[in-house]
Amino acid sequence: MKSYLQNSKAIKSFVIMAVCAVVFCYCKKNDDDIMMTVASRKGSCYVVEKFSCYIVRIGNSPDWMKITDNINGFEYEPGFEYVIKVQRKQINNPPEDYRGEYILKEIVSKEKKDSGNLPPDPEW
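According to full-length UniProt numbering, the sequence shown is numbered sequentially starting from 1.
Given below as structure tokens:
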């Protein structure tokens with residue numbers, strides 16, 4: 001009987017530790033997440049040819065910048081300013097013409113507005 005109680009206590013302790021580990025891992029903030037504000041209009045960019053690109057602010061930066069990267073899973077609608085959570089996709093040995101890529105994790109907010117103080121588009 002004594003060994004049964006010891007085994008029972010060991011099993012209960014193991015279950016409690018396993019549940020705590022799962023909760024801790026689930027609640028842990030992903031350090032790779034990036035908060036990004038996407039402007040209400042796209043800009044013009046040029047790498048090999050002219051194309052439209054996102055105008056964004058990263059984190060708490062007050063400055064807008066253009067990114068040539070794709071945001072996988074993000075369906076952009078002009079006229080809305082978004083705050084989104086993304087993760088930078090890492091690839092080993094990217095090809096020379098690789099523009100980069102983000103993966104959408106969450107749309108935090110979507111607000112109908114004209115984003116102010118956007119960088120001007122160059123005249124090609």
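Glycine included, every Cβ here is placed at the ideal spot set by N, Cα and C.
Backbone secondary structure at residue i - three-state DSSP
{"i": "Q90", "result": "coil"}
{"i": "N60", "result": "coil"}
{"i": "E49", "result": "coil"}
{"i": "E81", "result": "strand"}
{"i": "residue 127", "result": "Summary: the structure shown does not reach residue 127, with the chain confined to residues 1 through 124, and so no result is reported for it."}
{"i": "Y76", "result": "coil"}
Status (buried if at least 16 other CB within 10 Å, exposed otherwise) for residue i
{"i": "V48", "result": "exposed"}
{"i": "T37", "result": "buried"}
{"i": "Y102", "result": "buried"}
{"i": "residue 153", "result": "In the structure displayed, the chain extends from 1 to 124; residue 153 sits before or after that span and is not available."}
{"i": "I16", "result": "The predicted model places I16 with a pLDDT of 47, which falls under 50 and marks its position as unreliable; any figure quoted below should be read in that light. Exposed, since its Cβ has fewer than 16 Cβ neighbours within 10 Å."}
{"i": "G116", "result": "exposed"}
{"i": "Y54", "result": "buried"}
{"i": "G43", "result": "buried"}
{"i": "Y82", "result": "buried"}
First and last residue of the uninterrupted beta strand (DSSP E) at residue i
{"i": "L104", "result": "E101 to K112"}
{"i": "D33", "result": "D33 to V38"}
{"i": "K42", "result": "Looking at the DSSP string, K42 is not in any beta strand (DSSP E), and its letter there is neither H nor E."}
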